[in-house]
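Report on the following structure.
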Amino acid sequence: MRTSKIEPCVDCGKKLPRKELNRLRRCPDCARKKMLDTATQLYQRSGPEYDHWKEACKAAVQKL
Ligand SMILES: [Zn+2]
């Protein structure tokens with residue numbers, strides 16, 4: 009019996025088996041889009057993803 013659960017992608021709502029969504033519950037298409045979006049913001053050094061990344065970096069540095 010198959011138990012793979014179908015869940016919607018948090019971004020586009022496309023329904024996929026849970027194992028095909030990433031840990032943030034995005035489908036592969038949205039995950040790629042999100043990754044490109046984040047990369048663009050890091051490159052431009054502005055935007056909410058850049059701020060988030062900056063904070064994560066600071067936190068990582070403090071742990072050393
Ligand atoms: Zn999606």
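Taking the numbering used here, I'd label the letters of the sequence shown as residues 9 to 72. Just so it is clear, CB atoms sit at the ideal spot from N, CA and C, and this is done for glycine as well. Note that the coordinates shown come from a computational prediction; the quantities given were computed from them, not determined experimentally.
| Check | Outcome |
| --- | --- |
| Under 8 Å between C-beta atoms of Lys27 and Cys35 | no |
| Where Lys41 sits in the DSSP three-state scheme | helix |
| C-alpha gap between Arg53 and Ala67, whole angstroms | 18 Å |
| Nearest-angstrom beta carbon gap, Cys17 and Cys38 [assumed within contact, 8 Å] | 6 Å |
| Contact under 8 Å by Cβ, Thr46 with Glu57 | yes |
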